[in-house]
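Report on the structure given below.
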Amino acid sequence: MKGFRKYAFVTTAATYLLIFIGGLVRVSGAGLGCPDWPKCFGRWIPPTSVDQLPSDIDPSRFNFVLAWIEYFNRLCGMAVGLLILILAIWAVRKYRHYPKILWGSLLALVLVILEGIQGGVLIRMELEPLAVTVHTVLALIIVSILVYVTLNAYYIEKPPEKTSVYLKRTDIWIAIAWWVSVAQIFLGTQIRASIEIIAERYPLLSELEWLAKVGGTKHLHITLGFLLFGMTLYFGNNIIKKSKLPSSLAILGAWGMIILISAQIVVGLVLLFIGIPPLMQVFHLWLASLYIGLALMTYSAVRNTKGSEIG
Amino acid sequence: MDKQVPKKLWIIIPIITFLAIVAFLVIEKANQSRSNLPTYGEVPDFAFKDSQGKQFGRDELLGKISIIDFFFTSCRGPCPVMSSNMAELYQAFSTSDQVQLVSISVDPEVDTPEVLNQYAEAHGVTDNRWRFLRADLAAVIKLSEKGFHLAAENLPSMHSTKFILVDENAEIRGYYSGTDEASMKILISDVRQLVKKIE
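See the structure below:
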C-alpha cells in the first residue's frame, strides 16, 4: 500500500503543479499561443519561425514564446494524464476491493481526459470566460478526487484510531470553510471574467481603473475572504491548541490552512492595491486550490479520528 | 503531541520560492515577446484628404498610434466585417485620443466626401478619432504597394483586408487580419503596449 499511497501523493502534487502552470498560461496571455488543438499551428511540435506557419493562419497570431508556454502546458497535461492512467490501472489491478480508491481513480481518469478535450474546446471558443471557468473547476474537482484517493490509501496503510477529542462542531466548521472557499473560487473567476470584459471595452485604462469598475462581486469576495480567515484561525486554533490527542494529519492540515489563508489575504490585498500583478494572480488561485485540498484532508482526518467532543 | 508548525510544512517555502521565480521569468518573457513589436519600415510621405476636406498625410500620423485599413463603401465582401471591427476598435479606444483609425478608400470615384461622411455616420463616428481618406487611385495604389507593402491589383474589389498598426513615429509595427476576431485581440493588446510607451 505504501507504494500506491506515495504514487497517489506524487500524482496529486503533479496535478497541483499543472494547475499552477495552467494559471501561468492564463496570466501570461499564452492561452491562444497555439490557435489550434491538439496540434500547434498545424504541427505536433510548435513552429520556431513564421516561415513554418500554415498559409491559412494570420502570421500576427504567431508568438514564439507564447506558443511554447501553451505547448509546455499541454505536455504537462499529457504527463499528468498518464500518471492518472497508471494510478487507475494500479487501482483496478490491486485495489479493486477498496471502492473509494477504485472509483476515485477511475473517476479522476475520466475527468482528466474530459479536461484535455475541454481544453481544446476552450481554444476553439477563443478563451470564452465561462469555458475558462469550466476548465478551472474541472481541474479543482480532479485534484480533490486525487486528494481523496491519497487519503484513503493512507487510511488503509495506517487505520485511524478514534481516540482524539476535538471541540464540538470542529468538523462542521471545516466543512463550512470548504464550501466558502469553493464559493470564493467561483466569485474570483467571476471577477476575473468581469475584468476581462471591462478590459475589452476599455483596453487603454490601467489595471486599477479596470478593477474599480468591477461591481459588487469584488466586495463580497473581500468580505468572505476575511470571514474565511477568521474562521480558519478559529477552528485551526481549536485543533492545534484545544483538542486532546489530535491526529497528526489534522494538525498538519490546520497549520497548512492557517498559513495558506494568511498568505491568501496578503496576495489578495496586493492584487487590490497594486493593480492585479500577474504573478500574484497565479498564486491567488493556486493557494486557493491548495486550501480546498487541505480542507478536505483536515475534515477527513478530524472525522476519522474523532472519539468524542468537548465544549 | 507536538503542537508546533509541523516540520513537513517548511518544505513549501523553497517550493513556493522556486515557483515564484520561474513564474516571474515566464511572465516577463511573455511580456517582452509582446512588447518587442517588429518594425516594418516607415510610412512614406503622402497627401490625401479626409471626408471633411482636410489634408491628411504622414504628419498626421506622427505622435499618435494609428490603425489603418483599405476599404470602399459599396464593398459587399470582407469590408462590412472589417468596418464593424474598426467600429469596435473605435469604441474600445474611446478613452484616449492617442489612438486614431484611418480608413482609406480604394474607390475614390464612388466614395465622394459625402458618401464617406454618410458611411462614417452609419458606423457611429462622432469625432476625429476615425478618419476616412480619399485620393487619386494611383496615389492610393502607390501608398498601398510601396508604403505598406500590400498588393493593390484589380481595385477596388481586391484590396488588402489587413489592418496596419503604425506607431507615433509613423513606423509600421504590425499587420493583422481585419476579419479575424482573435487577430483583433492581439491588435488591441499591441496598441495597449504602444500607448503605454508614449504615455
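Chains as they are written, first to last, in our numbering: chain U, 1 to 311; chain E, 312 to 510.
Glycine residues also receive a C-beta, built at the ideal position from the N, C-alpha and C atoms.
The model shown is predicted, which means the values in this text are computed figures rather than measured ones.
At a CB-CB cut-off below 9 Å, which residues of chain E make contact with U:P38?
-> Here the premise fails: no neighbours, minimum Cβ distance about 18 Å.
According to DSSP, residues forming a beta bridge with E:E482 = E:E353
Going straight from the alpha carbon of U:G23 to that of U:I251, what length do you get?
-> 29 Å
Closest to U:L107 by CA distance: which of U:G77, U:Y148 and U:F72 is it?
-> U:Y148
Beta bridge counterpart(s) of E:W441 as assigned by DSSP = E:L412
According to DSSP, is E:M312 helix, strand or coil?
-> With a pLDDT of 48 at E:M312, under the threshold of 50, the modelled position of this residue cannot be trusted, and the question is left open.
Sequence-distant residues of its chain with Cβ nearer than 7 Å to U:C76 (five each side left out) | L18 and I21
Euclidean distance between Cα positions of U:C34 and U:G42 = 9 Å
Select from U:Q118, U:G116 and U:I84 the residue whose C-alpha is nearest the C-alpha of U:G104.
-> U:I84
Assign E:W321 to one of two classes, buried (16 or more other C-beta atoms within 10 Å of its C-beta) or exposed (fewer than that).
-> Here E:W321 is exposed. Its C-beta has fewer than 16 other C-beta atoms within 10 Å.
Smallest Cα separation from E:R345: which of U:W44, U:F62, U:Y16 and U:E70?
-> Its Cα nearest to that of E:R345, the residue U:F62 stands out among U:W44, U:F62, U:Y16 and U:E70.
Start-to-end residues for the beta strand (DSSP E) that takes in E:Q366 = Segment Q366 to G368, the beta strand (DSSP E) holding E:Q366.
Proximal chain E residues relative to U:V270, where beta-carbon distance stays under 7 Å | Within 7 Å Cβ-Cβ: nothing; U:V270 doesn't reach chain E, min ~13 Å.
Are U:W178 and U:Y71 close, meaning C-beta to C-beta below 8 Å?
-> no
Rounded separation between U:A193 and E:W441 - CA only | 29 Å
Run of the beta strand (DSSP E) containing U:K225, from where it starts to where it stops | The sequence shown places Gly at residue 225 of chain U, not Lys. First-last for U:G225: G216 to N237, but that is the alpha helix (DSSP H), not the beta strand (DSSP E).
Can you tell which of E:D478, E:P349 and E:S385 has the C-alpha that lies nearest to the C-alpha of E:V421?
-> E:S385
Do E:K360 and E:Q366 have their C-beta atoms closer together than 8 Å?
-> yes
When you check each C-beta in the segment 229-260 of chain U against every C-beta of chain E, which residues fall closer than 8 Å?
-> I240, K241, L245, P246, S248, I251, L252, W255, G256 and I259
E:K507 burial status per 10 Å Cβ neighbour count (16 or more: buried) | exposed
What number of angstroms, rounded off, separates the C-alpha of U:V206 from the C-alpha of E:E510?
-> Per the sequence shown, the amino acid found at residue 206 of chain U is Ser instead of Val. Those two C-alpha atoms are separated by around 12 Å.
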